[in-house]
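Heads up: the protein sequence lines correspond to chains A and B, in order.
As numbered in the numbering used here, residues 23 to 349 make up the first sequence, in order.
As numbered in the numbering used here, residues 4 to 325 make up the second sequence, in order.
Report on one structure; see the data block that follows.
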Amino acid sequence: MNSELPIFRVDDLAISFGGGTRRARVVDGVSFHVGRGETLGIVGESGCGKSVTVMSSVGLQPSPPSHVDGGSARLGDVDLLRLPPKALRRLWGSRIGVVFQDPMTSLNPVFTIGMQLREALAAHTNLTDAEREARIMAMLARVGINAPERRLRQYPHELSGGLRQRVLIAMALICGPELLIADEPTTALDVTLQAQILALLRDLRDEMGMGILFVTHDLGVVAQFCDRVAVMYAGRIVESARVDALFRAPRHPYTHALLASTPRLDSDRSVPLPTIDGMVPPPGARGAGCSFAARCSRAQPICLATAPALVAGQDGAFACHHPVPVP
Amino acid sequence: MSDAPPLLEVDSLVKTFPNRNGGGGIHALNHVSFTQRRGETIGIVGESGCGKSTLGRTILQLIRPTSGDVRFLGKQLTLLPDEALRQMRRHMQMIFQDPFASLDPRMNVATLIAEPLVIHRLGTAAEQATEVARLLETVGLPAEAAKRYPHEFSGGQRQRICIARALALHPELIVADEPVSALDVSIQSQILNLLNVLKRDRGLTYLFISHNLAVVKYVADTVAVMYLGRIVEMGPAEQIYENPKHPYTQSLIAAIPPLQPGSGHAAPPLQGEAPDPEHPPTGCAFHPRCPHAMARCATEAPKAVDIAPGSGRHAVACHLHD
């Protein structure tokens, strides 16, 4: 793990949606980095901006309706936010691989698996037909697909959900990207299948050494799969840390409440689950203070007046005036 | 444990759906039997396609079974004509997964919650309005919510509206099909707490269907694990979670990623995927994926046997235990 030499580094990213008077900031002041062979989890609830952040940082968020208001996203020494579309497209599929949540909508239903894999490879390499077929076969075998010759002739609807997700992983990794974007890649899968896919991704990461940006709402998946994690709330990173530190001693009250309200196998049924009352403020209604203050049990007057900055601590960074004490 | 008759008795329930050629090919439910006491929460768990939602709907006769019996409040639901069944529906209600799809967007909340009362002709308009106000309070919504429309509410609030609607007729049984799966964790815990409070205050009986074993652990007294249309293990929740007997139950529990980093998965993940229900494996449906499969598992389907002799409360369908 080489986090001192990040392969991907996002600084002070700001994104807004809409135009004119309806324009609203949805992501603000977001910075993070991913090292070689490292997995950074971006975690948060619906609407916190996790997918928009990650997709915008690699130029995959359609604009309009989104606008990049500021910041940079560097893959090596290239700022993806300032790259012309044509140059950006050359990076997608070659240096940047992407796996989405829903394997059914990510594959084209009218082309066979083989046609789609060949297209992905042909767009970025100058291999001969024979070399290309060999590489596709090897990749399909590597992601655990039996009888790859038969699968290549099939259409997406002929494959099970698990096989489709394996095909997508093969497609994302076939050019050996430095960075893999995985946006809720196991959310649509059953729990036994999720365990298979996470084990596969972990092995491939260790073998190929790519950095992974892993977007998820599932804290259990973060705990088991990620090295570091950034927790997002209302468009900002409110806490980031190595996973062991975050789960042992969450400092931001939101992180703490999120962990506490997740039912676990060892939860005591006779005690009500802790809850987070209220709702996330919508974009445009986020005032000067901390966005979580209205729902926070530790809030003080200062929290409503001034937004706390993300301050680095011993094990990570958190943005809170009154952090949860270390147990 | 009292000798009172069970609230619900499901006996050898079978539901076969036609396959693509119109034949009766897909066994969504394959001889499912269990009984439920009044006030008992039974959690039905299993992965996509195991038949857990079909089971809930078939019990309520929203889908008519191919064969088998459902006895509820002493009545054989499968034999009831439609009108008599409509009367019985007062006592059994359903909550669905998607609170966005299950509320008519053109009706305001008061109309939505009063609709069951109107359909069953219960009370005057004034009495219904009073009842709506009481139900809103019960599910933790402000009184002024009555005049608003579903799109003005968040997912968690909409699920509260659905719960209020389900409670309007004072049902005995509520079938809750993935009621918190579409909600964020902070909202999910609010709804789970509400369901637990309602159970305590109103003596409700829940059939709680979910793919999330941690959620089911939190609400269920008894857990039934389904695989390809059959219950493969059923017993008291604490026994199912602490001492699962069926290899499938063991794999399901082992596959839940724990919230402690570094604790890792105890066992390698279960291999393969659930089989095509149109072409189920011979013998035990789980045998192609089972780490303990023996020769007879491929030929002979295991019957559910009681492994807590005398109690009749923990049954497993597996050749390791018969």
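The beta carbon of each residue, even a glycine, is placed where N, CA and C say it ideally should be.
Integer-rounded CB distance, given that residue j should sit under 8 Å from residue i
i, j, result
"A/Gly-338", "A/Ala-263", "3 Å"
"B/His-50", "A/Asp-212", "The sequence given here has Glu at residue 50 of chain B, not His. Confirmed, Cβ separation roughly 4 Å."
"B/Met-3", "B/Phe-37", "Here chain B comprises residues numbered 4 to 325, so residue 3 of chain B is not present and cannot be evaluated."
"B/Phe-99", "B/Leu-176", "Not a contact, Cβ separation roughly 15 Å."
"A/Ala-95", "A/Leu-82", "Rounded, the Cβ-Cβ distance is 11 Å, inconsistent with contact."
"A/Ser-88", "A/Phe-39", "6 Å"
"B/Phe-211", "B/Ala-179", "5 Å"
"B/Pro-119", "B/Arg-60", "No, B/Pro-119 and B/Arg-60 are not in contact; Cβ-Cβ is about 18 Å, not under 8 Å."
"B/Gly-159", "B/Leu-186", "6 Å"
"A/Gly-115", "A/Cys-197", "6 Å"
"B/His-324", "B/Val-308", "6 Å"
"A/Ala-204", "A/Ile-234", "6 Å"
"A/Pro-305", "A/Arg-47", "6 Å"
"B/Leu-16", "B/Gly-52", "Not really, about 17 Å apart at Cβ, beyond 8 Å."
"B/Arg-316", "B/Thr-208", "In fact, because the Cβ distance is near 17 Å, the residues do not count as touching under 8 Å."
"A/His-245", "B/Gln-263", "Looking at the sequence provided, one finds Ala at residue 245 of chain A rather than His. With 8 Å as the limit, A/Ala-245 and B/Gln-263 qualify as a contact, their Cβ atoms being about 6 Å apart."
Per-residue burial, residue i [other beta carbons within 10 Å of its own, 16 or more giving buried]
i, result
"A/Ile-37", "buried"
"A/His-179", "exposed"
"B/Glu-3", "Here chain B has residues from 4 to 325 only, and residue 3 of chain B is not among them."
"A/His-343", "buried"
"A/Arg-117", "buried"
"A/Asn-130", "exposed"
"B/Gly-77", "exposed"
"B/Met-297", "exposed"
"A/Pro-330", "buried"
"B/Ile-62", "buried"
"A/Leu-174", "buried"
"A/Ile-324", "exposed"
"B/Thr-252", "buried"
"A/Asp-299", "exposed"
"A/Leu-228", "According to the sequence provided, residue 228 of chain A is Asp. The question's Leu does not apply to it. Label assigned to A/Asp-228: exposed."
"A/Ala-217", "buried"
"B/Thr-127", "exposed"
"A/Arg-322", "The identity of residue 322 of chain A in the sequence shown is Gln, whereas the question assumes Arg. Exposed is the call here."
"B/Asn-199", "buried"
Cut-off 6 Å between Cβ atoms - residues of its own chain near residue i, not counting five sequence neighbours on either side
i, result
"A/Gly-119", "Ala-194, Leu-195, Pro-199, Leu-202"
"A/Ala-252", "Phe-54, Ile-64, Ile-259, Ser-262"
"B/Glu-303", "Gly-286"
"A/Tyr-276", "Tyr-255, Val-260, Phe-314"
"B/Gly-46", "Phe-211, Val-219, Ala-223, Val-226"
Other residues of its chain near residue i: CB distance less than 7 Å, five sequence neighbours each side excluded
i, result
"A/Ala-271", "Val-348, Pro-349"
"B/Thr-57", "Lys-18, Ala-31, Leu-32, Ile-66"
"A/Thr-284", "Leu-241"
"B/Lys-220", "Ala-240, Tyr-244"
"B/Val-112", "Ala-148, Ala-149, Arg-151, Ile-164"
"B/Arg-332", "Since the displayed chain B opens at 4 and closes at 325, residue 332 of chain B lies outside it and no answer follows."
"B/Ile-259", "Leu-216, Ala-217"
8 Å CB neighbourhood of residue i in its chain, flanking five on each side removed
i, result
"B/Glu-140", "Ala-146"
"A/Ser-289", "Leu-295"
"A/Val-333", "Ala-339, Phe-340, Ala-341"
"B/Ala-136", "Ala-146, Ala-149"
"A/Gly-92", "Asp-34, Leu-35, Ala-36"
"A/Phe-247", "Thr-61, Gly-63, Leu-220, Leu-223, Arg-224, Phe-236"
"A/Ala-142", "Gly-115, Met-193, Ile-196, Cys-197"
Chain B contacts from the stretch 182–200 of chain A (Cβ-Cβ distance under 7 Å): The stretch 182–200 of chain A vs chain B, Cβ under 7 Å: Ser-182, Gly-184.
At a Cβ cut of 7 Å, what residues of the stretch 263–276 of chain A count as close to chain B, listed as they run along the chain? Hits within the stretch, in order: Val-265, Asp-266, Phe-269.
List in chain order: all unbroken alpha helix (DSSP H) runs of 4+ residues lying wholly within the stretch 210–269 of chain B. Counting only runs of 4+ residues, the alpha helix (DSSP H) found wholly inside the stretch 210–269 of chain B occupies 216–222, 240–245, 250–257, in chain order.
Threshold first: 4 residues or longer. Then list the alpha helix (DSSP H) segments lying entirely within the stretch 228–268 of chain A, N to C. Taken in chain order, the complete alpha helix (DSSP H) segments of 4 residues or longer contained in the stretch 228–268 of chain A are 241–247.
Which ranges does the beta strand (DSSP E) cover as unbroken runs of at least 3 residues, wholly within the stretch 71–116 of chain B, from first to last along the chain? Fully enclosed beta strand (DSSP E) runs of 3 or longer: 95–98.
Enumerated in chain order, which unbroken segments of the alpha helix (DSSP H) with a length of 4 residues or greater are wholly contained in the stretch 11–64 of chain B? Qualifying alpha helix (DSSP H) stretches, in chain order: 55–62.
Identify each residue in the stretch 191–217 of chain B for which the Cβ-Cβ distance to at least one residue of chain A is less than 9 Å, and report them in chain order. Those would be Gln-191, Ser-192, Gln-193, Leu-195, Asn-196, Asn-199, Val-200, His-214, Asn-215, Leu-216, Ala-217, in chain order.
Residues within the stretch 219–244 of chain B neighbouring chain A, beta-carbon criterion of under 7 Å: Look at the stretch 219–244 of chain B: the residues with a C-beta under 7 Å from a C-beta of chain A are Lys-220, Tyr-221, Tyr-244.
Interface residues of the stretch 238–261 of chain A facing chain B [CB-CB below 9 Å]: Listed by position, the residues of the stretch 238–261 of chain A near chain B (Cβ gap below 9 Å) are His-239, Asp-240, Leu-241, Gly-242, Val-243, Val-244, Ala-245, Gln-246, Phe-247, Cys-248.
Give me the subset of the stretch 212–240 of chain A whose CB atoms are less than 8 Å from a CB atom of chain B, sorted by chain position. So the list reads Asp-212, Val-213, Thr-214, Leu-215, Gln-216, Ala-217, Gln-218, Leu-220, Ala-221, His-239, Asp-240, given in the order they occur along the chain.
Alpha helix (DSSP H) segments (min. 4 residues) lying fully within the stretch 95–149 of chain A: The stretch 95–149 of chain A contains these whole alpha helix (DSSP H) runs: 107–113, 125–128, 135–144.
Between the stretch 281–315 of chain A and chain B, which residues of the former have CB atoms less than 7 Å from a CB of the latter, in chain order? Cβ contacts with chain B come from Leu-281, Ser-283, Thr-284, Pro-285, Arg-286, Leu-287, Ser-289, Arg-291, Pro-294, Leu-295, Pro-296, Thr-297, Ile-298, Met-301.
Output, in sequence order along the chain, the residues in the stretch 152–167 of chain B whose CB is closer than 7 Å to any CB in chain A. Residues are counted here when their Cβ sits less than 7 Å from a Cβ of chain A; for the stretch 152–167 of chain B these are Ser-157, given in chain order.
Quick one: which residues of the stretch 254–284 of chain B get their C-beta closer than 9 Å to a C-beta of chain A? List them in chain order. Within the stretch 254–284 of chain B, the residues whose Cβ lies closer than 9 Å to some Cβ of chain A are Ser-254, Leu-255, Ile-256, Ala-257, Ala-258, Ile-259, Pro-260, Pro-261, Leu-262, Gln-263, Pro-264, Gly-265, Ser-266, Gly-267, His-268, Pro-271, Pro-272, Leu-273, Gln-274, Gly-275, Glu-276, Ala-277, Asp-279, listed in chain order.
Using a Cβ-Cβ cut-off of less than 8 Å, give me the residues of the stretch 170–183 of chain B that come near chain A, in sequence order. Residues: none.
Under 8 Å (Cβ pairs) to chain B, residues found in the stretch 47–69 of chain A: Those would be Glu-67, Ser-68, in chain order.
Contact residues within the stretch 40–51 of chain B, judged by C-beta distance below 7 Å to chain A: Answer in chain order: Glu-50, Ser-51.
Contact residues within the stretch 90–107 of chain B, judged by C-beta distance below 7 Å to chain A: Within the stretch 90–107 of chain B, no residue qualifies.
Give me the subset of the stretch 114–146 of chain B whose CB atoms are less than 9 Å from a CB atom of chain A, sorted by chain position. Going along the stretch 114–146 of chain B in chain order, one finds no residue with a Cβ nearer than 9 Å to chain A.
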